[in-house]
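Okay, structure first, notes after.
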Ligand SMILES: Nc1ncnc2c1ncn2[C@@H]1O[C@H](COP(=O)(O)OP(=O)(O)O)[C@@H](O)[C@H]1O
Ligand SMILES: [Mg+2]
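Chains as they are written, first to last, in the working numbering: chain Z, 191 to 418; chain H, 238 to 498.
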């Protein structure tokens, strides 16, 4: 116990650094996957068959294979197979590769959620707007958008909570996120070795962050509860 | 001059011919009832009038102005369709109210958007918006919904929703107000309040086309009745003629289902 208290400041410091990397990956993924997912959704709903077919195939492949494989392929493939290590070395390169894999993967999941939200708004809503002389863009922004958002928020919340935990997968290409940081004290780091409690400790970071997110997303869902 | 003239209107979906040379005309201030079995093309006719479907052939004229002519592509420009729609109003079977807006906002929304296009909108914004709100409140009061204006659609009964939808359509002062089975989605005990409102409109000489399965109502409220079957107008005339002395066998058959039922 005495020992743990002595080690605490060092460990917390390392975990904080790791968690910042976790957060960076989390937010970069969201910022990239929100718009990319929308593009993919439009692609998969396109009336141009080759485009919708291709998009749906990609989404099917990405959703049907583990993110971990995608991470490994995206990180190693350019350097080992193409002889073109586009990611560069070091932590920056690993972060770029991880972000790319996460953005693509999550964009595919988001695209299905968007698609459900967009197609879930009854056609009668658009027709009512048309009959009332509204333009297509007025119908989209004044009528359909909020109804889509309301449909999208609950499944999106699930994906976002999952993303928080999925960031740990980036450990596989040695991205120094919070679990990597916790694990380092097993092997030895900062003069501490054989300590397993820092690894357990990382769980609190996830719990607290997910708790905050759950509150925020729940609040948003409540906000949209005034209509059905 | 009739307010509405429809000439040889045709519409096919794929291989099925849904409207086959429909001809009809309607005088200002009159109510036209359209009856006919399910699948006879009544909804499609109303949707063509409201430019939700593009007819394959035919002409639609309102007040002598040709709104649609299948032979003249210039009369079908997408940009002008939006304004042409405003000659007609449409009340849907399933209301199609906007769920995120209150009853009052549902009635005001389209008018506000249209007002924003007026050149004097910026200068007189406050005045215009107040006027729109006053008119919308007035319409809802006419529908017997003064105490429901701040409610959202999910807080209203079906009958109340349909009355909001009627007020919403009336707010734009359409030349011709179309109803597509306005009571078919309602519980039986709620149809009365909606029919009463439509009857009041008829008493005020609102020009209307009413597709309905409420035979007693159609007969009562209409100046003119059309019986449709399989995409054609089989018979038309005054309510007395069509309901009491139908000339066509198909009309008799159709009506007998309702007498028994
Ligand atoms: N969008 C559409 N695509 C294909 N067929 C349609 C479409 N809309 C209507 N129909 C067909 O047209 C016929 C007439 O339909 P409708 O106008 O809804 O009749 P009613 O309103 O008299 O019941 C029906 O056979 C229906 O299946
Ligand atoms: Mg119908």
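Positions of the beta carbon are idealized from the N, C-alpha and C atoms, including for glycine. Bear in mind the structure is a predicted one, so any value in this text is a computation, not a measurement.
{"Item": "Check: residue 314/Z C-beta below 7 angstroms from any heavy atom of ligand 1", "Value": "no"}
{"Item": "Contact test: residue 276/H Cβ vs ligand 1 heavy atom, cutoff 7 angstroms", "Value": "yes"}
{"Item": "C-alpha distance - residue 229/Z paired with residue 255/Z, whole-angstrom precision", "Value": "21 angstroms"}
{"Item": "Listed by chain order, chain Z residues near residue 350/H by CB distance under 9 angstroms", "Value": "322, 323, 324, 325, 328, 332"}
{"Item": "Presumed contact (8 angstroms Cβ cut-off) between residue 415/H and residue 301/H, rounded CB distance", "Value": "Not confirmed; about 20 angstroms, so no contact."}
{"Item": "Residue 462/H vs residue 479/H beta-carbon contact at 8 angstroms", "Value": "yes"}
{"Item": "Reduced DSSP category for residue 494/H - H, G, I as helix; E, B as strand; rest coil", "Value": "helix"}
{"Item": "7 angstroms Cβ cut-off: residues of chain Z touching residue 337/H", "Value": "336, 337, 417"}
{"Item": "Contact under 8 angstroms by Cβ, residue 354/Z with residue 399/Z", "Value": "yes"}
{"Item": "Candidates 393/H, 242/H, 455/H, of which the one nearest residue 305/H by Cα", "Value": "242/H"}
{"Item": "Three-pair Cβ contact test at 8 angstroms for the segment 373-380 of chain Z versus the segment 268-275 of chain Z", "Value": "no"}
{"Item": "Chain Z residues whose Cβ lies nearer than 9 angstroms to that of residue 391/H", "Value": "417, 418"}
{"Item": "Identity of the residue in 268/H, 474/H, 334/H nearest residue 337/Z by Cα", "Value": "334/H"}
{"Item": "Simplified DSSP assignment, three categories, for residue 264/Z", "Value": "helix"}
{"Item": "Residue 369/H and residue 358/H closer than 8 angstroms at C-beta", "Value": "no"}
{"Item": "Assigned secondary structure, residue 253/Z (DSSP; H/G/I helix, E/B strand, else coil)", "Value": "helix"}
{"Item": "Distance cut-off 7 angstroms: residue 418/H Cβ against heavy atoms of ligand 3", "Value": "With respect to ligand 3, the structure offers nothing, as its ligand set consists of ligand 1 and ligand 2."}
{"Item": "Residue-level contact to chain H via CB, residue 317/Z, 8 angstroms cutoff", "Value": "yes"}
{"Item": "Partner residues on chain H for residue 314/Z, Cβ-Cβ distance less than 7 angstroms", "Value": "329, 331, 333"}
{"Item": "Under 9 angstroms from the C-beta of residue 289/H: neighbouring residues of chain Z", "Value": "317, 320, 321"}
{"Item": "Three-state class that DSSP yields for residue 347/H in the structure shown", "Value": "helix"}
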